[in-house]
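Okay, so here's the structure we're looking at.
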Ligand code: PLP
Ligand code: CA
């Protein structure tokens, strides 16, 4: 609420924003790296922030890696050392959610990656899938005869390269059998994963939508823009939202989550959302800067946007 305006911050004021923060939460893809390549200046920027005593955490919607795998990727790309407890990937957070929500011994039917399965195992949740779906006959109608595990009390949907009609059938059967006793959880709703050259591939949101459409019910979504991942950070560290900055490349996930959790938000313009989109958008607030600018003097050209009604 309140009047909204955009104004450009001078470097000094920008330094004050960073000075007031003790914790920065970093989105990963589009901010720290694109695929396997580090974003220019990102590793050096984080190195400086770590040297200045800031707590750095990583908040990613990508469910295809474990916490440990992210610590290795950060190391490989030259980022400051991180421990697994600093990593909040949607695979880990989904496992944590199910650990809290499911009764002891209950199992999950998983459409997802081996990493998602590994995070479930790490918190002691038995699971079926991922892997090839068992096909008890040649025709889809036969698949409705496949055995169902009596322990399954949740269907979990993450990024699944081997998503199939057979798995969709099995997911629906668990949801129909369990009704409201069977949870439906999605890691995230990203509709597309951008690739270089303006192209992209379908994101996990497409798979979640398929299951929701079949079951005619809405999934609980772990990832940004929902606040669950921020709640996971809060449960692990002593976090003051007023002293926490969310750094991201997307208005509709990173910045929206940051704003709804009362964080300062910083849009890097190195990924999905462009400055033109920021100016065309209504509502919300964000600081924006390139990560290279952050490096130069921890902010050379930072624009403060309380709103996108007015021109910056
Ligand atoms: N989901 C998948 C499967 C991905 O590969 C990616 C990016 O690589 C994402 C989601 C988005 O991740 P982030 O939240 O770090 O931008
Ligand atoms: Ca991103």
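Residue numbers (my numbering): 154 to 465. Each residue gets a CB set at the ideal place from its N, CA and C atoms; glycine is no exception. All figures in this text were calculated on a predicted structure; none of them were measured in a lab.
**Prompt:** With a cut-off of 8 Å, do at least 3 Cβ pairs link the segment 398 to 412 to the segment 168 to 183?
**Reply:** Touching, yes, given that three or more Cβ pairs across the two stretches are closer than 8 Å.
**Prompt:** So, helix, strand or coil for residue 240, using DSSP?
**Reply:** Residue state, collapsed to three classes: strand.
**Asked** Leaving out five residues before and five after residue 304 in sequence, what residues of the same chain have Cβ atoms less than 8 Å from its Cβ?
**Response** Hits under 8 Å: 258, 259, 260 and 279.
**Item:** Given residue 358 as reference, the closest of 350, 377 and 352 once Cα atoms are compared
**Value:** Looking at 350, 377 and 352, the one whose alpha-carbon comes closest to that of residue 358 is 377.
**Request:** Return the chain-ordered list of same chain residues with a C-beta closer than 6 Å to the C-beta of residue 397, the five sequence neighbours on each side being excluded.
**Result:** In the same chain as residue 397, and ignoring 5 residues on each side of it, the C-beta atoms closer than 6 Å to its own belong to 176 and 416, in chain order.
**Asked** How about residue 354 and residue 360: are their beta carbons less than 8 Å apart?
**Response** No, the pair does not count as a contact, with Cβ atoms beyond the cut-off.
**Item:** Touching by the beta-carbon criterion (3+ pairs, under 8 Å), the segment 368 to 383 and the segment 205 to 225
**Value:** Contact between the segment 368 to 383 and the segment 205 to 225 is present: 3 or more CB-CB pairs across the two stretches fall below 8 Å.
**Item:** Closest Cα partner of residue 406 within the set 183, 168, 172 and 174
**Value:** Answer by Cα proximity: 183.
**Message:** Is residue 403 a contact residue of ligand 2, with contact defined as CB to any heavy atom under 7 Å?
**Reply:** Yes, the beta carbon of residue 403 sits closer than 7 Å to at least one heavy atom of ligand 2.
**Asked** So, residue 243 versus residue 375, is the Cβ gap smaller than 8 Å?
**Response** When the beta-carbon positions are compared, residue 243 and residue 375 come within less than 8 Å of each other.
**Message:** Please determine whether the Cβ atom of residue 245 lies at a distance below 7 Å from any heavy atom of ligand 1.
**Reply:** No, since every heavy atom of ligand 1 falls outside the 7 Å radius drawn around the Cβ of residue 245.
**Prompt:** Is the segment 292 to 299 touching the segment 185 to 199, taking contact as three or more C-beta pairs under 8 Å?
**Reply:** Pairwise C-beta distances place the segment 292 to 299 out of contact with the segment 185 to 199, as fewer than three of them are shorter than 8 Å.
**Prompt:** Hey, residue 367 and residue 311 are a contact pair by Cβ (cut 8 Å); roughly how many whole angstroms apart?
**Reply:** Not really, about 17 Å apart at Cβ, beyond 8 Å.
**Item:** Distance, residue 165 Cα to residue 268 Cα
**Value:** One C-alpha to the other measures close to 43 Å.
**Prompt:** Helix, strand or coil: which one does DSSP assign to residue 178?
**Reply:** Reduced to three states, the DSSP call for residue 178 is strand.
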